[in-house]
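Quick notes on the structure that follows.
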Amino acid sequence: MRIDTNRLRQYLTEITRNSQELKKIVEQGALAPESIELKAAKYLLIELAEAMSNCLQHLLAKQKGIAVSGYIDTIAKGYKEEIISEKLFQKLKPFFDFRNSLVHRYWTIDDEKLIENIKAGLNDFDGFADEVESCLVSIQNHSHSSQ
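Here it is, written out as structure tokens:
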């Protein structure tokens with residue numbers, strides 16, 4: 001199966017754009033409990049999780065022939081198949097757990113803790129985009145050399 005590089009690049013662009021928007025909100029010092037900026041940040045986090053999951057799911061299915069079931073399974077298999085590093089996996093796994101609770105409202109999320117986590121993990125999304133981009137370049141180089 002062939003990887004759709006245009007689709008992956010769209011996901012990576014979306015990740016970068018949403019990551020930059022999140023950084024702007026943080027840099028403005030606007031994140032506060034129950035603020036409209038925090039609500040915007042929550043939405044951006046959901047969008048980031050969707051795009052990262054879509055990237056991994058596409059690479060796993062098209063490159064490795066591996067199916068996934070859910071966000072946690074996707075990131076775990078992305079790490080297992082060496083699409084992302086262990087360090088990034090360890091940083092992002094709690095984020096994917098959090099995404100599920102945010103979307104499905106399993107419990108009330110502490111705004112202060114969320115703000116703290118957003119600030120701590122602000123560069124993880126760019127790190128994800130960088131690692132997936134490197135994986136994509138490696139795949140493309142390998143496919144060109146084997147033709």
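Once you know that position 73 of the sequence shown is 73 in my numbering, the rest is easy, because the numbers rise by one and skip nothing. Ideal placement from N, C-alpha and C gives every residue a C-beta, glycine not left out.
Check	Outcome
Within 9 Å, strictly: CB atoms of isoleucine 75 and lysine 93	yes
Pairwise C-alpha distance: glutamine 10 and alanine 30	28 Å
Straight-line gap, lysine 87 to leucine 38 (C-alpha atoms, nearest Å)	27 Å
Buried/exposed call for arginine 7, threshold 16 Cβ in 10 Å	exposed
Glycine 29, DSSP secondary structure in three states	coil
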